[in-house]
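K.L.:
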């Protein structure tokens, strides 16, 4: 896999032993993707040597979630990212725990929109909302 998405336990033994790989390794990768989707940047610095980047991944030293890219991101979303980018796989959220996280469970509309987007039906919902807005404006 691509090193910037690899869980620390996988990166530590890359090319040698696949026994450290588990579903929680995928949860780490999900955390990397979620971080990237929320702010548009990778959680670990890319302007350093590969060795330094890999060490930051193994140590869990991600870029801080502060500044203009993060000011509109909820604390729940940040907490989910932190829980997914937990270095210790025993402490890292599982797939089931991720789906039960408040960021998902307390925002059913967000989950519905994400599901619709994945199923290709979000465009229909957006078009319907736009029509309703136009109709209300005409009243």
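In the working numbering, the protein residues as written are 5 to 143. Just so you know, even glycine gets a beta-carbon here, dropped at the ideal spot from N, CA and C. This structure is a prediction, so every number in the text was calculated from the model and none was measured.
Using alpha carbons as the reference points, say which of 110, 96, 116, 108 lies closest to residue 35.
P.N.:
96
K.L.:
Starting from the N-terminal side, write out each stretch of the alpha helix (DSSP H) that is 4 residues or longer and does not extend beyond the segment 16 to 104.
P.N.:
27 to 43, 54 to 63, 79 to 88, 99 to 103
K.L.:
From which residue to which residue does the alpha helix (DSSP H) around residue 7 run?
P.N.:
Here residue 7 belongs to no alpha helix (DSSP H), and DSSP marks it neither H nor E.
K.L.:
Could you tell me the distance, in whole angstroms, from the CA atom of residue 110 to the CA atom of residue 81?
P.N.:
11 Å
K.L.:
Do you know how far the Cα of residue 15 is from the Cα of residue 87?
P.N.:
19 Å
K.L.:
Figure out for me which residue from 68, 29, 93, 106 has the closest Cα to the Cα of residue 48.
P.N.:
68
K.L.:
Count the other CB atoms within 10 Å of the CB of residue 75; is the residue buried (16 or more) or exposed (fewer)?
P.N.:
exposed
K.L.:
Does the separation of the CB atoms of residue 10 and residue 39 fall below 9 Å?
P.N.:
no
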